[in-house]
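Numbering (our numbering), first residue to last: 14 to 214. Structure first, then comments.
In structure tokens:
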């Protein structure tokens, strides 16, 4: 069972509403101040290059740094969907009913440990970790302290996120172009963590 977020928002917002109804807007404003959050314009989140994503996954041993679950490289799912469209459906936007549940449960994504909304760097490798989709969705723009989470220590083993099957699967599917960029990264000799100097944490 996941640990619930370490905040008191339900109680605080309940008190704000109680003060609003019983004592008026001024009392509610004062009660809201400890958790006030002024709207702000954040810079647009830049897309991470595939190479940085792949290097992050390899550095982290293809495991979620929040739950330690094994993750799978996304183009493997897409190619499986081409081979088994009726029994392993895959939709590029993960549309409900058209996407196998394994995709949502085990797709490898890169998460920002300190979210950009809280001043974290979008591209610094030290702020990037591998996550499974469920943990990434649950974390959202919250910090580890807010969630009461810690990063799982690295313990790299033989698991490779099924990336070792990417090239033969791509060839079996007759080289579909959407996965070509991933294949080029996966088979490059310098695709590993040393190329970016990613430290093992």
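For glycine and all other residues, C-beta sits at the position ideal for the given N, C-alpha and C.
Nearest-angstrom Cα separation, counted from residue j out to residue i
i	j	result
residue 142	residue 91	22 Å
residue 122	residue 32	42 Å
residue 174	residue 199	11 Å
residue 218	residue 150	No information on residue 218 is available, as it lies outside the stretch 14 to 214 that the chain covers here.
residue 201	residue 163	33 Å
residue 44	residue 98	55 Å
residue 145	residue 88	15 Å
residue 134	residue 140	7 Å
residue 75	residue 148	14 Å
residue 172	residue 25	44 Å
residue 53	residue 152	20 Å
residue 192	residue 57	26 Å
residue 167	residue 126	15 Å
residue 189	residue 71	24 Å
residue 184	residue 49	54 Å
residue 46	residue 82	39 Å
Secondary structure of residue i, DSSP reduced to three states
i	result
residue 76	strand
residue 179	helix
residue 148	helix
residue 169	coil
residue 141	strand
residue 108	coil
Assigned exposure category for residue i - 16 Cβ within 10 Å defines buried
i	result
residue 205	Note that residue 205 has pLDDT 46, beneath the 50 cutoff, so the model's placement of it is unreliable and the number below is only indicative. Counting Cβ neighbours within 10 Å, residue 205 comes out exposed, since fewer than 16 surround it.
residue 128	buried
residue 100	exposed
residue 210	Legend: pLDDT at residue 210 = 42, less than 50; position of this residue unreliable, value from coordinates given subsequently. The residue is exposed, with fewer than 16 neighbouring Cβ atoms inside 10 Å.
residue 124	buried
residue 158	exposed
residue 179	buried
residue 116	buried
residue 96	exposed
residue 73	buried
residue 21	exposed
Start-to-end residues for the beta strand (DSSP E) that takes in residue i
i	result
residue 124	121-125
Sequence-distant residues of its chain with Cβ nearer than 7 Å to residue i (five each side left out)
i	result
residue 85	119, 120, 121, 174 and 175
residue 102	94, 111, 112 and 113
residue 208	For residue 208, the predicted model reports a pLDDT of 39, less than 50, meaning its position is unreliable; a value from the coordinates is still stated below. 68, listed in sequence order.
Cut-off 6 Å between Cβ atoms - residues of its own chain near residue i, not counting five sequence neighbours on either side
i	result
residue 78	142, 143, 164 and 165
residue 182	92
residue 212	Residue confidence is low: residue 212 scores 40 on pLDDT, short of 50, so the model does not pin down where it sits. Its coordinate-derived value is still stated next. Counting only Cβ-Cβ distances below 6 Å, and skipping sequence neighbours, we find nothing.
residue 41	29, 32 and 33
residue 186	92 and 95
Cβ-based neighbour list, residue i, same chain, cut-off 8 Å, excluding 5 preceding and 5 following
i	result
residue 136	59, 61 and 65
residue 63	194, 195 and 198
N- and C-terminal bounds of the alpha helix (DSSP H) containing residue i
i	result
residue 44	38-45
residue 190	Careful: residue 190 lies outside any alpha helix (DSSP H) and carries neither H nor E.
residue 174	Residue 174 -> no alpha helix (DSSP H), and no H or E assigned at all.
residue 51	No alpha helix (DSSP H) contains residue 51, which DSSP labels as neither H nor E.
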